[in-house]
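What follows is a short report on a single structure.
In full-length UniProt numbering, the protein residues as written are 1 to 192.
Shown next, in the form of structure tokens:
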């Protein structure tokens, strides 16, 4: 027999998945609690029992995405087979990949959370901590924050330019991956 808590967890998971799908399909404007509930196949009132409002739901979706990114960056960081520069390259590509593949989600993740910001900020902070550890392996602890911020700003710019079409190969004669490679080489001290 399924307990009440287990049932609530299943419903919450279905709501988060439905919200993420709607966000991917049409951006934040496509996400309404009513539509999320319908897509999740739950009662009309179920979304309101789990989330105070749309902003709280979107913040929860963004939080989960930051947690997934943190897990992926951590996996890169602790992989003993990868050199430090490959760990950094991989971490940058994880973040840019979300911007590339889920631009609406990326937009929500990179904006100030309107719902309960604590969980989203904690998850984003964990991701940044993992990233900073990777950067520190290349540049040392003293410079890790400076270079980490520079690299994250670069990744954010790359993702934005790529999604908007402003990083077009015919204009710049490069790709997002080539720009990432250049950033990594510059930070690692190899400018060749």
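The C-beta atom is built at its ideal place from N, Cα and C for all residues, glycine as well.
Here the structure is a predicted model, which is why all the values come from computation and not from measurement.
Identify whether residue 171 lies in helix, strand or coil by the three-state DSSP scheme. Helix at residue 171.
On a Cα-Cα basis, can you pick out the residue from 188, 186, 187, 161 that is closest to residue 175? Among 188, 186, 187, 161, the Cα nearest to that of residue 175 belongs to 161.
Whole angstroms is fine: what's the gap from residue 79's alpha carbon to residue 44's? Rounded to whole angstroms, residue 79 to residue 44 spans 45 Å at the Cα level.
Check each candidate in 70, 163, 14 and name the one with the smallest Cα separation from residue 38. Residue nearest to residue 38 within the set 70, 163, 14 is 14 (criterion: CA-CA distance).
Can you give me the C-alpha to C-alpha distance between residue 183 and residue 74, rounded to a whole angstrom? CA-to-CA, the gap between residue 183 and residue 74 works out to about 20 Å.
Residues of its chain near residue 136, where Cβ-Cβ distance is below 6 Å and the 5 sequence neighbours each way are ignored: Counting only Cβ-Cβ distances below 6 Å, and skipping sequence neighbours, we find 144.
Could you tell me the distance, in whole angstroms, from the CA atom of residue 24 to the CA atom of residue 167? Roughly 22 Å separates the two Cα atoms.
Could you give the distance in angstroms between the alpha-carbon of residue 83 and the alpha-carbon of residue 54? Using only the alpha carbons, I get a separation of about 42 Å.
Contiguous alpha helix (DSSP H) assignments of at least 4 residues, all confined to the UniProt domain "HTH tetR-type" (9-69): Within the UniProt domain "HTH tetR-type" (9-69), complete alpha helix (DSSP H) segments of at least 4 residues are found at 33-40, 46-50, given in chain order.
Under 8 Å: do the stretch 144-153 and the stretch 100-108 share three or more Cβ pairs, one atom per stretch? No: the two stretches stay apart, fewer than three of their Cβ pairs being nearer than 8 Å.
Within 10 angstroms of the Cβ of residue 72, are there 16 or more other Cβ atoms? Answer buried if so, exposed if not. With 16 or more Cβ atoms within 10 Å of its Cβ, residue 72 is classed as buried.
Near residue 48, what residues of its chain come up, given a Cβ to Cβ distance below 8 Å and the 5 sequence neighbours on each side ignored? So the list reads 33, once near-sequence residues are dropped.
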